[in-house]
Every structure is written in structure tokens, then in C-alpha cells.
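Notes follow the structure.
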Amino acid sequence: MTVDRRKMIVEAAAKSFALFGYKATTMDQVAKIAGVGKGTIYTFFANKEELFQDIMAKLIHEMKLVAEEVVDPSRNFFDNLHQALDRLLDFREEHELAIKLAQEVKEIGTQMAQEGIQQIEKAVVGYIQQQVQRAMDKGEIKRCDPEMTAFVMLKLYMALAADWKKTHEPLEKGQVAELLRFYLQGGLAPV
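For the sequence shown, the working numbering assigns the number 1 to the initial residue and increments by one for each residue that follows.
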């Protein structure tokens, strides 16, 4: 049986980034965790940034799969939106690398950690944008700029699900879903 050294390196690097963050992870650490020589890493990756990008691509792919698991074509757009965003937020709050990157951005402001967090947000906005476009094509929602709408939807969801509880009693998931529907589907205009 052939040992997949590249896979061992990626797994070791993911572990190191999740434990120590981007800045504190070194290629020596990754080599030690993977049980390979440091030179072996460089046969697969030019540098730490390239290795990090490979791991981020896998994380983003996992996030998309997690969101897709809860989307049901028989449900309406807003129900699917809430389910997907809820699952993505849970994933982000439970995934060790995403947690460590957010912590590193807050504490140190490491550029690559910031870029990692931005990649996650961009991927989520892109996913929502696709759903918005599909809903427009099906006539479920009115015409809009799908990217901007996706951005607003994500930020509203994050504000309700995560930011609100910093200064108020946390909202239940059902309340978040109702408020998303209220603001996005019904709006504030009188009937």
C-alpha cells in the first residue's frame, strides 16, 4: 500500500493551522506532525501560503456540501435560505480552523488569516448568490442584484444569529428564521 504523503502533509498542516493559527504554524511543525522531512513538503507545495490555500479550498468545499445537504427543492426559497445559513454558521462555529482564524484576526490581525476569513465569506456569499439567482429565475423573488442581495442576506443573518446575542438575549433559531422572513420577504412597508 502506497503512503499518500501529500494527504499526510495536508492533514498535518490543517491540524497545525487549527491549533496554532496561520502565523505560528511553521513548515518544520507540519513536517514533524506529518512524520516527513521538511523537503518532502516542498515537493508538493512551494510555500506555507500555497499549503494554506489548499486547505482553505477544502474547507470551502466542505461548507458548500454542508449547505447543500439541507436544501430541499420542495421548500420555498426563504426556508432553504434559513436552513443553509443556519448550517453554515454552525459549521463555521464548530470548525477548528475557522475558529482559530477568526481568533487570530481579532488578536493579531495576520494578513493571511484575514484573507482566509474573507475567502470563507466570499464563498458563502457566492453560494447564496446562486440560490438568489435560482429563486429569481423561478419567480419566487423579484429581480435584484444577486450578489448584493446575497451579501445583505448573510450580514442580516449574522447580525441576528451571532451579533445580537453579544448585547441581548440570544434569539432561538426559529426567531431568526421569522425575522429573516419578516425583513427580507415582507419588508417594513405597511401592507
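Cβ coordinates follow ideal geometry from the N, Cα and C atoms, glycine included.
In this text the structure is predicted, and so the values were computed from the model without any measurement.
Item to check | Presumed contact (8 Å Cβ cut-off) between H82 and A177, rounded CB distance | outcome: 4 Å
Checklist entry - Exposed or buried, which one is N47 when buried takes at least 16 other CB atoms within 10 Å? => result exposed
Item to check | F182, buried or exposed, once every other Cβ within 10 Å from all chains shown has been counted against 16 | outcome: exposed
Checklist entry - What number of angstroms, rounded off, separates the C-alpha of M112 from the C-alpha of I99? => result 14 Å
Next on the checklist: Give me the residue from L101, V132 and F44 with the minimum Cα distance to K15.
Outcome noted: L101
Next on the checklist: Please report the distance separating the alpha-carbon of A12 from that of R134.
Outcome noted: 39 Å
Item to check | L154 and W164 closer than 7 Å at C-beta | outcome: no
Next on the checklist: If the criterion is Cβ atoms closer than 7 Å, does the pair A84 and V71 meet it?
Outcome noted: yes
Checklist entry - Helix, strand or coil for F45 per DSSP? => result coil
Item to check | Candidates L184, T40 and K23, of which the one nearest D79 by Cα | outcome: L184
Checklist entry - Roughly how far, in whole angstroms, is the beta-carbon of E104 from the beta-carbon of G21, given that I think they are within contact range, below 8 Å? => result 4 Å
Checklist entry - Among K166, A159, I141 and G116, which one has its Cα closest to the Cα of D54? => result G116
Checklist entry - Rounded C-beta distance between M63 and L88? I'm assuming under 8 Å. => result 6 Å
Checklist entry - Can you name, in chain order, every residue of its own chain whose Cβ lies under 8 Å from the Cβ of F45, other than the five neighbours on each side? => result I9, L51 and D54
Item to check | S16, DSSP secondary structure in three states | outcome: helix
Next on the checklist: Is the separation between the beta-carbon of R5 and that of T40 shorter than 7 Å?
Outcome noted: yes
Next on the checklist: Just verifying my parser: in three-state terms, what is the DSSP assignment at V36?
Outcome noted: coil
Next on the checklist: Quick check on DSSP: helix, strand or coil for I9?
Outcome noted: helix
Checklist entry - Going by Cα to Cα distance, which pick from L180, L97 and A67 is closest to L156? => result L180
Next on the checklist: Please classify Q130 as buried or exposed, where buried requires at least 16 other C-beta atoms within 10 Å of its C-beta.
Outcome noted: exposed
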